[in-house]
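What follows is a set of notes on a single structure, which appears directly below.
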Amino acid sequence: MRRYRNLLHVVVFVIIVGLTFDMNKNPFIPVESPVIIQTSKTTDPLYEEIKQKAKKYEEPAKNAYIDKVWKKTPGRNGLTVNVEKSYTKMKRKDEGFQESLLVFDQITPEVGLKDLPASPIYRGHPEKKMVSFLINVSWGEEYIPDMLSILKDNGVKASFFIEGKWAKNNAELVKMIAEQGHLIGNHAYNHPDMDKLSNQSIVDQIVQTNDILKAITGSTPKWFAPPSGSYNSHVVEVSNHLKMETVLWTVDTIDWKNPSVSVMLNRVNEKLHPGATILMHPTEATKRGLKQLISSIKEKNYKLNTIEKLVETKR
Numbered sequence: 001m002r003r004y005r006n007l008l009h010v011v012v013f014v015i016i017v018g019l020t021f022d023m024n025k026n027p028f029i030p031v032e033s034p035v036i037i038q039t040s041k042t043t044d045p046l047y048e049e050i051k052q053k054a055k056k057y058e059e060p061a062k063n064a065y066i067d068k069v070w071k072k073t074p075g076r077n078g079l080t081v082n083v084e085k086s087y088t089k090m091k092r093k094d095e096g097f098q099e100s101l102l103v104f105d106q107i108t109p110e111v112g113l114k115d116l117p118a119s120p121i122y123r124g125h126p127e128k129k130m131v132s133f134l135i136n137v138s139w140g141e142e143y144i145p146d147m148l149s150i151l152k153d154n155g156v157k158a159s160f161f162i163e164g165k166w167a168k169n170n171a172e173l174v175k176m177i178a179e180q181g182h183l184i185g186n187h188a189y190n191h192p193d194m195d196k197l198s199n200q201s202i203v204d205q206i207v208q209t210n211d212i213l214k215a216i217t218g219s220t221p222k223w224f225a226p227p228s229g230s231y232n233s234h235v236v237e238v239s240n241h242l243k244m245e246t247v248l249w250t251v252d253t254i255d256w257k258n259p260s261v262s263v264m265l266n267r268v269n270e271k272l273h274p275g276a277t278i279l280m281h282p283t284e285a286t287k288r289g290l291k292q293l294i295s296s297i298k299e300k301n302y303k304l305n306t307i308e309k310l311v312e313t314k315r
């Protein structure tokens, strides 16, 4: 009887195994091997085509350098095709090789601005389709709220270089500028001719203003714009010693002369170029023409951002 019972157990076990066994899920046969997938991809004609064409689209990184005219000039990231990501993107689209679907990685230059000796910055990289508004503030508080409103409505971040004495008397406006995400720079304490100052006076003008702006905004400025563009090597060296960059401009609106909107627009448009820095002030002329100026620049496919973004190596 025990022998029949054992035989019955074996039969039942065989039946259960037979019912649950799935040839498509045989545990002894691997479902997919990473090696098989890799081999399949690398032998795909599309993958090979991307690899072969990749060099055509690559661009080397460009180092920062000192230009004879424009002084310290930022570098620019290079480009290399990410073959794997490009292949995945094109395979998903399943329409063969498409240039518009290439995925690029950016390569950082070996030499950056910080690696160069002390020198002023006039512009961004000459191939970068971006420009920056440099707004020097020593007066014109009545125009700043309207200018900020226009900048906000048009999604533009600018660089405000603020005089220390003015900031002390207009702390709320300084806070407003900072809170709206604009860059706050140093414009000396009381608008002196920096070229005629002693080294100690240069230090005092910059440090005193930094202290005031930090007390208002919580941050120490990293950018210095000398009043009226007046500087010498001592000014630049002091700024550099304080871990700041000295900034000048390539395009001047001459808004302090109260030009008409059309005159100001023509002046900027005639001189506009990749990497341009556009000097302006809080004036009636700027308030009137700012919206049109922004539209005009954007129509030429330029981006508008702070001096910090302008000199980044990122494309």
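Everything in the sequence shown is counted per the UniProt record's numbering, starting at 1 for the first residue and increasing by one.
No residue lacks a Cβ here, since even glycine has one placed at the ideal position from N, Cα and C.
Source: prediction; values computed, not measured.
Check, Outcome
"Taking 7 Å as the cut-off, decide whether the C-beta atoms of L213 and P221 are in contact.", "yes"
"Bridge partners of Q106, per DSSP?", "L79"
"By DSSP, does L169 sit in helix, in strand, or in coil?", "Sequence check: residue 169 is Asn here, not Leu. N169 falls in the helix class under three-state DSSP."
"Just grab the DSSP bridge partners of W223 for me.", "E245"
"Please determine if the segment 57-71 and the segment 122-130 are in contact, where contact requires at least 3 C-beta pairs separated by less than 8 Å.", "yes"
"Quick check on V203: does DSSP put it in helix, strand or coil?", "helix"
"Is the CB-CB distance between F160 and H182 below 7 Å?", "yes"
"Just to check my reading of the structure: M280 and I177 have Cβ atoms closer than 8 Å, yes? What is that Cβ distance to the nearest angstrom?", "With 8 Å as the limit, M280 and I177 do not qualify as a contact, their Cβ atoms being about 14 Å apart."
"Suppose you measure from the CA of S100 to the CA of M244; what does that come to, to the nearest Å?", "40 Å"
"State the Cα-Cα distance for the pair H273 and D252, rounded to the nearest angstrom.", "13 Å"
"Assess contact between the segment 281-301 and the segment 90-97, defined as three or more Cβ pairs (one per stretch) separated by less than 8 Å. Is contact present?", "no"
"Straight-line CA distance for I50 to P60?", "19 Å"
"Alpha helix (DSSP H) containing L151: first to last residue?", "I144 to D153"
"Have a look at Q205 and S239 and give me their C-alpha separation to the nearest angstrom.", "11 Å"
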